[in-house]
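Below: the structure, in structure tokens.
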Amino acid sequence: MSCEPFGKWIQIPETSTPCVKDIANHATNVHNKQTGDNLIFVRVIAGWFLELDEYRIKHRLYIEVTNSKGEVVIYEAVVVVEERDGNRVRTLISFELVIVDERDPLIFWKKIPDVHAACVQEVVEYVMKKNNEDTNDNLKYVSTTEGWYYEVNPNAIRYDLRLKAKDCLHRVRDFKALVLEENPLTEKKRTLESFKLIPRKW
């Protein structure tokens, strides 16, 4: 038990300990049973824990596994462990594929399952309007092809979106937008951090 108050995520200092590996291996096995996958646990790259109360701890673990093709991939596993009266119960909350940030190995991007969801399209609408205002351009939005996000902190989310838009010559071009959204559950504040043309492959 730490001296930190309940409700704060704390990084696990050593992820190779038996108790951490046991939780990660359990999460992988439960995921395999639920989905029919055949992932093989390799190691825990990084992890955090959140004390929910005196008996329950939520773990967020980034797990390296190999899939049925022999590829090494990384998943985020969220597991709640409850210890009461000598009993230990582990409950898998989520198990999602992530990618590691190119610059920071402790940032893990999660793929947006539905880029057409209203909350994502609100961000896209902001991106197009803000870029056109800032650059005096007149790009016309076409579609969102894919996107990722990660939680910067409990009150901020960063989006990495791939968009298609028409330029003044009616050419459909590909763009990458990086957006920070603060206070996502209340009055949202968005910042367009970058908007770049993705070069064509000739």
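If you read the sequence shown in full-length UniProt numbering, its first letter stands for residue 1, the second for the next number, and so on.
Just so you know, even glycine gets a beta-carbon here, dropped at the ideal spot from N, CA and C.
Asked	Found
Completely contained alpha helix (DSSP H) runs for the segment 76-141, where each covers 4 or more residues	118-135
V115 beta carbon less than 8 Å from that of F195	no
Distance between V123 and R190 (C-alpha atoms, nearest Å)	8 Å
D101 vs I107 beta-carbon contact at 8 Å	yes
Under 8 Å between C-beta atoms of V79 and A27	yes
Residue span of the beta strand (DSSP E) that contains K58, given as start and end	56-66
First through last residue of the beta strand (DSSP E) which encompasses D160	156-166
C-alpha gap between I198 and K164, whole angstroms	10 Å
Straight-line Cα distance separating E64 from Y149	19 Å
Whole-number beta carbon distance between L178 and R158, since they are thought to touch under 8 Å	7 Å
Test item: CB-CB of G47 and I99 under 8 Å	no
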